[in-house]
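> My questions all concern the structure below.
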Amino acid sequence: MKKADIQKLWLKIKKRKHIILLSVLILFSASLIFIIPASLVGKSQNYSYALYDKNGILLGGQVAADEQWRFAPDEVPEKFKKAIIAYEDKRFYFHSGIDILSIARAIKLNVSKKRIVSGGSTLTMQTIRLLENHPKRTYTQKIKEAFIAVLFEIRYTKKHILKLYCANAPFGGNVVGLEAASWRYFNRPPSELTWAETATLAVLPNQPSLVYPGANSEILLEKRNYLLNKLYQKKYFDKKTYELSLAESLPSKPFPLPSNSPHYLEYLKQTHKKNQTKFYTTLDYNIQKNTFRIIEHWSSEFSRRGISNAAALILDTKTKEVLAYCGNSGNALRNPDSYAVDMIQSKRSSGSLLKPFLYGAMLDAGELLPDQLVIDIPTRIGNYRPDNNIKKYSGVVPASEALTRSLNIPAIRELRKFGINRFLDCLRKCGFTTFNHDSEYYGLPLILGGGEITMWEAARAYADLMNKACMEQSDFPISTGSSWITVNVLSTGIRPEDEANWQKYANSKRIAWKTGTSNGNRDAWAIGITREYTVAVWIGNANGMGNPDLKSVSTSAPVMFDIFSVLPKTSWPDIPYDDLTEQTVCSHSGFAASPDCKETKSIFRSRAAVTPELCPYCKKISFTFDKKYRATTEDLTGEKAGIYNGTLPKIEKRFVLPPNLEYWYKNTSVVYTSLPDFVPWHHSTSADNLSIVFPEPNAKIIIPVEIDGTQGAMVMQAAVRSSDTFVYWDVDGIYLGYTEKVHEMTISPDSGTHILTVTDSNGNILKRKFEILES
């Protein structure tokens with residue numbers, strides 16, 4: 111054979127050799143996939159769900175589908191590594207899945223005892239057995255486990271194998287895995303166990319059905335102490351530690367696994383990857399525990415009044431991280447129909463919670479100043495007639511007070527002025543995603559709870575409001591200056607009885623807070639904010655049933671302040687001078703001061719706001735020299751002027767409200783002084799002295815039928831400046847009568863359009879068109 115032929119033959123052989131080698135490698139790789147059971151090559155295990163706080167403390171969990179407590183693999187603490195290897199497989203780091211010496215020793219022992227005493231299995235073989243769901247112990251199975259163990263050692267690191275073992279080893283009852291056992295028997299994570307506790311757990315998987323805490327304690331103690339001695343002989347700890355470890359008692363019975371935030375666990379399950387079973391959160395164990403305790407205490411009290419559910423959410427204001435999450439009160443036994451409902455994520459009527467955002471937005475727009483007077487009188491807009499919760503009216507009230515008192519009529523009137531579309535746009539930019547309809551759908555009731563929100567989004571929006579006030583939130587739609595003014599106003603509200611004198615105590619917290627009660631008393635809200643914490647509370651019935659006792663001031667607000675009382679010390683934002691500018695305002699009206707304002711003061715307003723409206727209520731008023739009457743120069747000329755003839759009018763700057771506002775305001779204000787009448791011979795205009803309070807211009811009114819079937823009635827109202835003025839009433843040319851002092855007239859008109867005419871004793875006349883709709 112020629113040399114060239116020999117070389118060709120060698121190349122063919124070499125090529126075949128490579129092909130054969132490659133084939134062997136492929137077959138070997140395939141064996142790793144097909145010979146090793148699917149559960150051993152990455153198939154998702156049947157793990158329990160577990161919820162941890164920011165420090166790794168277990169807050170709750172759910173059993174796996176097979177009713178076992180089995181947590182996903184985690185890092186194995188060094189103590190347990192040493193203990194389990196010393197007890198189960200001392201040559202773990204030196205064999206390749208099979209320990210020949212251990213097998214030989216087991217065979218010798220089994221033969222001498224004439225029964226199976228030892229299996230000689232390595233930790234790797236035991237792991238395979240655990241993952242195959244404990245198949246029958248036969249020699250064939252043992253050989254299979256040994257073969258797979260070798261492949262397993264090739265595929266995985268020792269660290270990974272040990273982690274799998276610790277996650278799947280049985281520890282008695284339905285407790286599987288080191289972590290579940292550590293919490294079940296010692297109420298602590300594995301990393302915090304003592305040597306004695308670690309040794310106790312290390313000996314359990316050997317005979318979990320026979321020996322576990324609370325059963326066969328003498329055998330368990332003997333096994334534990336045997337292992338402690340082995341560990342001491344290996345010099346893993348000193349003699350003192352050894353003696354103290356021997357003296358430690360065994361756990362008498364398992365601890366119940368905690369269930370401190372089951373609703374948050376459900377929320378995380380729904381919002382994270384399907385195969386994620388462990389959730390390390392920002393929850394704070396102590397805050398969560400205290401919040402849960404407070405919610406349970408108050409919920410127990412409320413349940414006596416037919417109020418079944420309560421929820422609370424606490425955020426770190428700056429980061430908006432969740433510190434406590436109590437989605438519902440009670441338990442499945444006490445509230446079987448509603449406990450599972452997560453009220454933090456549920457859509458509910460907002461009540462009055464949106465009012466601060468309207469206030470802040472109007473400050474920014476220059477359409478409102480912090481203490482500017484807003485109108486608070488009986489109001490009807492079309493067929494809609496809002497009312498204040500207290501059923502009383504002030505005529506006018508500072509906007510800040512209207513906010514802290516949560517007056518409905520001023521809020522409705524200000525929203526009408528600001529615009530529903532503009533407000534909806536603002537709310538969406540604040541982070542509310544539940545307003546999916548247009549302005550016509552919500553209408554003006556939006557500001558009183560006509561739209562639905564979730565506590566999750568409301569708490570975050572309030573946190574952003576505080577962050578903006580602290581100059582720490584860039585994309586919030588309300589400016590820093592207006593946000594700071596808003597949270598300061600919210601901190602001035604009168605707190606519930608137990609908190610009424612909070613400013614007298616040094617350890618009290620300044621809190622910006624707002625409550626809200628939905629229509630029909632179905633929801634009671636309270637949200638409080640400081641620089642550090644945002645606390646949101648909801649009280650009510652998950653099924654939507656109303657309750658007359660469900661009022662935020664007596665339910666949700668006390669709970670919120672109770673929660674704040676157990677939180678660490680808080681602080682308040684500094685004044686953001688760069689985002690504020692000084693504004694001279696009328697001391698009486700809170701509007702920007704006009705030349706006619708006698709008394710003024712300086713306040714802060716947002717630098718981002720446009721120039722505000724000048725005071726419309728301060729005017730120059732002419733009086734007679736003795737200030738007994740109002741008079742013009744013409745009134746003081748001629749014989750009719752009598753003693754005033756030829757005198758000059760005395761001019762003063764006065765704060766004067768229109769008659770319809772003065773009618774209500776003078777009953778609530780002790781400092782307001784009504785103007786005197788004009789001199790008797792003065793020819794005044796009706797607008798100066800007479801006003802129709804109700805009906806409003808072009809009002810469309812529905813008068814309900816009474817219970818007995820008779821036609822109901824409506825009450826018309828007028829206001830005059832002078833207390834001794836008579837008012838004469840006429841509807842459609844029919845004289846109804848006259849009134850004095852209290853100017854109200856009751857009628858039952860037919861459906862259709864009507865004209866009301868009122869005339870005062872000075873000859874002033876006003877007309878008002880209105881329509882009665884069929885009921």
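Under the numbering used here, the first residue of the sequence shown is numbered 111, with each subsequent residue one higher.
Quick reminder that beta carbons are idealized off the backbone N, C-alpha and C, glycines included.
So, with DSSP's three-state summary, where would you put Gln172?
Three-state DSSP puts Gln172 in a strand.
> Could you check whether the region 765-778 touches the region 501-518, counting it as contact only if at least three pairs of C-beta atoms, one from each stretch, sit closer than 8 Å?
Verdict: yes, contact present.
> DSSP state of Ile865, grouped into three classes?
In the structure shown, Ile865 sits in a strand (DSSP, three-state: E or B).
> Return the first residue and the last residue of the beta strand (DSSP E) that Glu850 is part of.
Glu850 -> beta strand (DSSP E) spans Ile844 to Glu850.
> For Met670 and Leu556, I'd like the C-alpha separation in whole angstroms.
Going by the C-alpha atoms only, they are around 24 Å apart.
> Between the C-alpha atoms of Arg215 and Asn165, what's the straight-line distance to the nearest angstrom?
The alpha-carbon atoms of Arg215 and Asn165 are separated by roughly 45 Å.
> Just to confirm the assignment, what range does the beta strand (DSSP E) spanning Cys436 have?
Residues Val432 to Cys436.
> Once you ignore the five residues that flank Cys725 on each side, which residues in its own chain have a CB closer than 7 Å to its CB?
Taken in chain order, the residues that qualify are Cys696, Ser699, Phe701, Ala702, Ala703, Ser704 and Cys707.
> Quick check: what's the CA-CA separation for Asp787 versus Phe836?
Cα to Cα, Asp787 sits roughly 13 Å from Phe836.
> Nearest-angstrom Cα distance between Ile253 and Glu185?
In a straight line, the C-alpha of Ile253 is about 30 Å away from that of Glu185.
> Let me check you understand the geometry: is the CB of Met670 closer than 7 Å to at least one non-hydrogen atom of the ligand SAH?
As far as ligands go, the structure on display features none, and thus does not contain the ligand SAH.
> Could you tell me whether the Cβ atoms of Trp305 and Leu338 are closer together than 8 Å?
Cβ distance < 8 Å, so Trp305 and Leu338 count as in contact.
> Express the C-alpha separation of Glu582 and Ile563 in angstroms, rounding to a whole number.
So the alpha carbons of these two residues sit roughly 24 Å apart.
> Going straight from the alpha carbon of Lys539 to that of Pro587, what length do you get?
Straight-line Cα distance between these residues: approximately 6 Å.
> With a floor of 4 residues, list each alpha helix (DSSP H) that falls wholly inside the region 645-716, ordered by position along the chain.
Counting only runs of 4 or more, we get 666-675.
> Looking at Ser369 and Gly559, is the spacing between their C-beta atoms short of 8 Å?
No. Outside cutoff.
> For Gln455, count neighbouring Cβ atoms within 10 angstroms of its own Cβ and tell me buried if that reaches 16, exposed if not.
Looking at its Cβ environment, which holds 16 or more other Cβ atoms inside 10 Å, Gln455 is buried.
> Could you compute how far the alpha carbon of Pro366 sits from the alpha carbon of Arg294?
Cα to Cα, Pro366 sits roughly 6 Å from Arg294.
> Starting from the C-beta of Lys729, find all residues in its chain whose C-beta is less than 6 Å away, skip the five residues before and the five after it, and write them out in chain order.
Contacts found: Asp706 and Val766.
> What does a CB cutoff of less than 6 Å around Cys276 pick up in its chain, not counting 5 residues either side in sequence?
Result list for Cys276: Val186 and Leu288, in chain order.
> Taking the C-alpha atoms as reference points, what is the distance between Leu311 and Ser362?
Roughly 14 Å separates the two Cα atoms.
> State the DSSP-derived secondary structure class of Ser292, mapped to helix, strand or coil.
In the structure shown, Ser292 sits in a helix (DSSP, three-state: H, G or I).
> Rounding to the nearest angstrom, what Cα-Cα distance links Val599 and Tyr469 in this structure?
When rounded, the distance between both Cα atoms is 10 Å.
> What is the DSSP secondary structure of Trp839, counted as helix, strand or coil?
Trp839: strand per DSSP, three-state reduction.
> Would you please state the rounded distance, in angstroms, between the beta carbons of Tyr162 and Thr429? I believe it to be under 8 Å.
In fact, because the Cβ distance is near 18 Å, the residues do not count as touching under 8 Å.
> Nearest by alpha-carbon distance to His853: which of Tyr352, Trp566 and Val830 is it?
It is Val830.
> Report the rounded CA-to-CA distance for Lys738 versus Gly752, giving the unit in angstroms.
About 14 Å.
> Quick test of your reading: Ala196 and Leu341, contact by CB under 8 Å. State the CB separation rounded to the nearest angstrom.
Indeed they touch by this definition, with Cβ atoms about 6 Å apart.
> Taking all protein chains shown into account, decide if Phe735 is buried (16 or more other Cβ within 10 angstroms of its Cβ) or exposed.
By the neighbour-count rule (16 or more Cβ atoms within 10 Å), Phe735 is not buried but exposed.
> Express the C-alpha separation of Phe181 and Gly283 in angstroms, rounding to a whole number.
Cα-Cα distance, rounded: 15 Å.
> Out of His792, Tyr157, Met826 and Ser601, point me to the one whose CA is closest to Arg878's CA.
It is Met826 whose Cα lies nearest to the Cα of Arg878.
> List the DSSP bridge partners of Pro280.
Paired residues: Val286.
> Please name the residue or residues paired with Trp179 in a DSSP beta bridge.
Trp179 is bridged to Val285.
> Please check the pair Thr427 and Arg641, which I expect to be a contact at CB under 8 Å, by giving their CB distance rounded to whole angstroms.
Right, the Cβ-Cβ distance comes to about 6 Å (below 8 Å), so this counts as a contact.
> According to DSSP, is Arg265 part of a helix, a strand, or is it coil?
DSSP places Arg265 in helix when its eight states are reduced to three.
> Quick one: give me the first and last residue of the beta strand (DSSP E) that Leu800 is part of.
It spans Leu800 to Phe804 - the beta strand (DSSP E) in which Leu800 sits, taken as one unbroken run.
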